[in-house]
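All residue numbers for the sequence shown refer to the UniProt record's numbering, where the first residue is 1 and numbers rise by one. Even for Gly, the Cβ is constructed at its ideal location relative to N, Cα and C. Structure, as structure tokens:
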Amino acid sequence: MSLSDRLRQLARAYRDFYELPMRRAVALEQRRREDFLRLLLMSESLGLPNPAAWYCLELMPFVIEDYHAWHRRMGMEHAPPGGIGCC
């Protein structure tokens, strides 16, 4: 086994030991923040007042793609009435 092979093996072990658990934590935090952003954007359709509703309209095209997965994660079996109908 050459030195370069050992260094590659050491780098792989480092990545598996240190980076992978952090990636999972970062991905969970990113998902939590995205869910909160969607909640803010959809607050008008859920009956919550949103003082920045006009500015949120610009972001709606980006949110609609993942709307079904979001409302399922939030525990709503069907889309909220008055909002975007997806199921």
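Whole-angstrom distance between residue j and residue i, CA atom to CA atom
i          : j          : result
residue 71 : residue 77 : 7 Å
residue 9  : residue 54 : 53 Å
residue 86 : residue 62 : 15 Å
residue 74 : residue 27 : 17 Å
residue 6  : residue 19 : 19 Å
residue 12 : residue 29 : 25 Å
residue 16 : residue 25 : 14 Å
residue 52 : residue 36 : 15 Å
Beta-carbon proximity of residue i to residue j, cut-off 9 Å
i          : j          : result
residue 44 : residue 50 : yes
residue 56 : residue 46 : no
Close Cβ partners of residue i (< 8 Å) along its chain, the five nearest in sequence each way excluded
i          : result
residue 79 : 67, 68, 71, 85, 86 and 87
Residue i classed as buried or exposed, judged by whether at least 16 other C-beta atoms fall within 10 angstroms
i          : result
residue 38 : buried
Any C-beta of chain D under 9 Å from that of residue i
i          : result
residue 55 : Protein chains in the displayed structure number just one, and chain D is not present.
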